[in-house]
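To start, the structure itself, in structure tokens.
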Amino acid sequence: MKHPVTPEISNLDKVVVDQWANLVLAAKDRHHPWHTPTLANVGEGIAQVRTVVLRSADSESRVVSCHTDSRSPKIAQLEADPNFSWHFYDRDAKVQLRAYGRAWVHQNNELTHERWLAGAWRSAQCYRTPIAPGADCQVEDLDVDEPLDPATGEEHFAVLACEINEIDWLFLRVEGHRRARFSWLGNAWHGQWIAP
């Protein structure tokens, strides 16, 4: 017996709205499966892939963001090529979302200061270390023994923001997968069903 196709996976306009609603929710809910997506770019001639924490998502501006260390290699890579890809997967819902866009960095500005004071400093002991991410070090250099202090580390704190201009949505199901591509054209999302 075939299950009926629900409107949520038959209407392209609804699909893209639902995905943005999930992104907004994931940025606020640390238990949401999309709260820790994979962020990818090309750097040093190879794919650079890492898990990040989704810190914000705004459907109106189409901007998603994560926090990073301003000394991270991805910052220099971004300057060479600002194209970044995000990968989200919800195992229970069987939904994969890939989002593509151009990224930029906020550092030492109003946004980063607001986010720092709003709590980024509490989980950011790594920003206080004198050693840049990816730099060679000794094992004893890895622990930061200084007490948590909002007055230290902000100089290395950055927000990586990305304006999404294309989304690839995939819904896995026994009755047949559904996949669609959404492109931002003019001032609206334009969807197209594509083969899974």
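Under our numbering, the first residue of the sequence shown is numbered 124, with each subsequent residue one higher.
Beta carbons: idealized from backbone N, C-alpha and C, even for Gly.
- A direct Cα-to-Cα measurement between residue 160 and residue 226 gives close to 16 angstroms.
- With respect to residue 269, residue 248 sits close: the two C-beta atoms are nearer than 9 angstroms.
- Taking a cut-off of 8 angstroms on C-beta distances, the segment 185-192 touches the segment 271-283, as three or more cross pairs fall below it.
- In this structure, the straight-line span from the alpha carbon of residue 319 to that of residue 151 is close to 30 angstroms.
- Contact between residue 201 and residue 228 holds, since their C-beta atoms are separated by about 6 angstroms, short of 8 angstroms.
- Taking the Cβ atoms as the reference, residue 317 lies roughly 15 angstroms from residue 142, outside the contact range of under 8 angstroms.
- Taking a C-beta distance under 9 angstroms as the contact criterion, residue 144 and residue 166 do not qualify as a contact pair.
- Spatial neighbours of residue 213 in its own chain (CB-CB distance under 7 angstroms, excluding positions within 5 residues in sequence) are listed in chain order as 156, 157.
- Boundaries for residue 275: no alpha helix (DSSP H) harbours it, and the DSSP string shows neither H nor E there.
- Per DSSP, the continuous alpha helix (DSSP H) segment holding residue 145 begins and ends at 135-151.
- Here DSSP, grouped into helix, strand and coil, assigns residue 233 to helix.
- Residue 236 and residue 245 have their C-alpha atoms roughly 14 angstroms apart.
- The shortest CA-to-CA distance from residue 242 to any of 262, 315, 271, 223 is the one to 271.
- For residue 202, the uninterrupted alpha helix (DSSP H) run begins and ends at 196-203, by DSSP.
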